[in-house]
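Undergrad:
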Amino acid sequence: RQSRHPDRHPRTRPAKGLFTKPDTDPVEIVDIEELEMIEALQESSGPSLLDILRGKQSGSLPNAAVRDHILHVMRLRPQASANLLLLCEPTTS
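Counting in our numbering, the sequence shown runs from 256 upward without gaps.
(1) Can you find the residues in the same chain that come closer than 7 Å, C-beta to C-beta, to residue 336, ignoring five residues on each side of it along the sequence?
(2) Answer yes if the segment 304–314 comes into contact with the segment 322–329, meaning at least three C-beta pairs across the two stretches below 8 Å, and no otherwise.
(3) Give the secondary structure of residue 285 by DSSP, where H, G and I count as helix, E and B as strand, and everything else as coil.
(4) For chain C, find out if any of its Cβ atoms is closer than 8 Å to the Cβ of residue 288; answer yes or no.
(5) For residue 333, does the count of other Cβ atoms within 10 angstroms reach 16, so buried, or fall short, so exposed?
Quick look at the structure:
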């Protein structure tokens with residue numbers, strides 16, 4: 256028999272305890288622009304993704320976007336990554 260309440264089906268119910276284990280860091284949403292910033296930082300031997308995310312959680316703006324943490328807390332100004340510059344390079348025919 257099918258339930259009329261989809262939230263009561265075992266596959267649609269939130270998993271209790273998911274992402275709450277002591278060895279699991281908080282979930283962060285990172286958009287493409289932020290990933291490009293992190294890639295550019297990596298190309299210049301900057302902080303790792305893990306360092307950025309952990310610093311954000313323990314920093315003064317834990318609820319802010321990753322971009323805001325990089326720009327305002329870490330005070331870094333990443334340049335465009337090499338991959339992004341290649342994508343934007345005009346093609347000659």
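All C-beta atoms in this analysis are idealised placements derived from N, C-alpha and C, irrespective of residue type, glycine included.
TA: The answer reads as follows:
(1) Position 81 of the sequence shown, counted from the start, is the residue given in the question as residue 336. Cβ neighbours of residue 336 beyond the five flanking positions: 291, 294, 295 and 298.
(2) yes
(3) Residue numbering aside, residue 285 sits at position 30 when the sequence shown is read from its first letter. It is coil, neither helix nor strand.
(4) No chain C is part of this structure, which consists of one protein chain only.
(5) Start at 1 with the first residue of the sequence shown, and residue 333 comes out as number 78. So residue 333 counts as buried.
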